[in-house]
Amino acid sequence: MDKIIINGGNPLKGKVTLGGAKNAVLPIMAASLLVDGTTHISRVPDLRDTRTMIKLLELVGGKAHLEGNDLWIDSKHVNKPVAPYDLVKTMRASFYVLGPLLARFGEAKVSLPGGCAWGPRPVDYHLQGLEMLGAKVTLESGYIRAKAKRLKGNHIRFDFPSVGATGNILMAAVTADGTTEIENAAREPEIMQLCQFLNSMGAKISGIGTHKIFIKGVNDLSPCDVSIIPDRIEAGTFLIAGAALGEVTVLEGEPDHLKVLLEKLEQTGANISISGKDICVRKGDVILPVDVETEVFPGYPTDLQAQWIALMTKAESDSVVTDTVYHDRFSHVAELNRFGADIRVLKNVASIKGKADLVGAPVMSTDIRASASLIIGGLMAKGKTEISRVYHIDRGYENIEEKFSSLGADITRLN
Ligand code: EPZ
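Residue numbers (this note's numbering): 72 to 486.
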């Protein structure tokens, strides 16, 4: 089991290249199942999750070829619309294959994803949406079985703008009979790119980037190429580290995807400068306390909540972080407190004492973004930190320790 070792205290200075967005490439890989041909996806990040999705596409009969950050998926011979439990349980995004497999084959059998480190993560909106499109959905020994001779467009409204449910319903609706309206749809950039990708395949989607998306069903889709947008959460992770420890520039980012984070970083006293698509954050003389409340896009992302809490342990005074998207996404707090932080959680609110005297310690990753907060904590702490269960971080970050090392961090991986 790999470990990451950090000797904390080094200032960070330098530039980081970003990978393609994990949360854009996963649904787009699933969408390649809709066509009888080869899809070429470039700027694919080399992650555990993308490799898991490749395994899943091959299990259903697809052929995948990954060369560096280029991926070719041939879905011509896809013939087994089944996603098994032992694979789905390792990556919840596997559930994205349900919509496209149902749309293409009229049936699909996908294991119900389990919970994750921070609690149950239901898929009821996905299932209700598919039923609204005319599918018969049943649960059979932990597997969702969906059947529909022909999906029919309908008006679907989500109680919460779920990213995954929006993606699944989009992929199911593009070849349905008639028009589908998704009300209270997710507006995340990753969903916008999925819509644009589907349209380049021949779909007719409008309202992209709004909470009301219309999908006019078409009969045929054809394969096309796509280059994945930069990963805004990877970018935000490095920019928060810059505000904590020096000066970090992320190259070829999308400033528009990070507006709220950049505003919050400026409020800490950090200096933000943008030139074209390059975003630079330089730590202020002190780190001022700034409260954050996560929201769906374009609000402050829940996927940067853990990293913000790590930063706030070094603020001049106390702060509060509230997660309105996942009310129990705080498994990183107990680990950060092992560094000597003083963070209390009540319901979905974390109260962080500032000016913590952080000392390196052995800590344990529990999920992708919690791991990132432990790296930031270890970089800020005095002395040695050892992070175990780093397979979590490899799910969502490509070469993270090499990138931090190039910024001046004393960080290595122990195989
Ligand atoms: C996506 O997860 C991301 N994953 C998550 O990133 C991200 O945290 C999340 O969106 C929110 O932005 C991928 O894109 C692969 P949701 P998803 O459906 O689709 C509730 C990371 O670290 N809900 O928008 O699963 C749900 O419980 C990962 O990269 C239902 O109640 O998130 C949650 O409270 C972690 N029923 C809220 O909606 C449903 O059917 C948002 O979930 C679906 C969701």
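C-beta atoms are modelled at their ideal positions from N, C-alpha and C, and glycine is treated no differently. These numbers were taken from a predicted model, which means no experiment stands behind them.
Of the candidates Gly411, Leu89, Glu202, Leu89 places its Cα closest to the Cα of Asp117. In the structure shown, Cys351 falls within a strand segment according to DSSP collapsed to helix, strand and coil. Residue state for Val367 is assigned as coil, using DSSP reduced to three classes. In the DSSP annotation of this structure, the continuous segment of the beta strand (DSSP E) that includes His226 starts and ends at 226–228. Annotation note: the region 81–164 contains the following uninterrupted alpha helix (DSSP H) runs of length 4 or greater, listed N- to C-terminal: 93–102, 119–130, 156–159.
Listed in chain order, the beta strand (DSSP E) runs fully inside the region 223–309 are 226–228, 250–254, 275–277, 283–287, 296–298, counting runs of at least 3 residues. The continuous beta strand (DSSP E) containing Val181 extends over residues 178–182. Three or more Cβ pairs drawn from the region 254–269 and the region 224–237 lie within less than 8 angstroms of each other, which places the two stretches in contact.
Taking a 10 Å sphere around the C-beta of Gly139, we find fewer than 16 other C-beta atoms and assign the residue as exposed. Shortest gap from the CB of Lys93 to any heavy atom of the ligand EPZ: under 8 angstroms.
Counting the other CB atoms within 10 Å of its CB gives Arg175 a total of 16 or more, which places it among the buried residues. Nearest in C-alpha terms to Ile311, of all of Ala244, Arg353, Glu202, Ser390, is Arg353. Nearest Cα to Ile439 within the set Asp120, Lys86, Ser113: Asp120. Between Pro360 and Arg303, the CB-CB gap reaches or exceeds 9 angstroms.
Counting the other CB atoms within 10 Å of its CB gives Arg415 a total below 16, which places it among the exposed residues.
In the DSSP assignment, Gly317 is bridged to Leu83. The beta carbon of Cys351 sits closer than 6 angstroms to those of Thr320, Ser344, all from its chain and outside the five residues before and after it, given in chain order.
Proximity of the region 396–410 to the region 363–381 meets the contact definition, three or more beta-carbon pairs being nearer than 8 angstroms. When DSSP states are grouped into helix, strand and coil, Asn78 belongs to the strand group. Between the ligand EPZ and the CB of Leu97, the shortest heavy atom gap is smaller than 8 angstroms.
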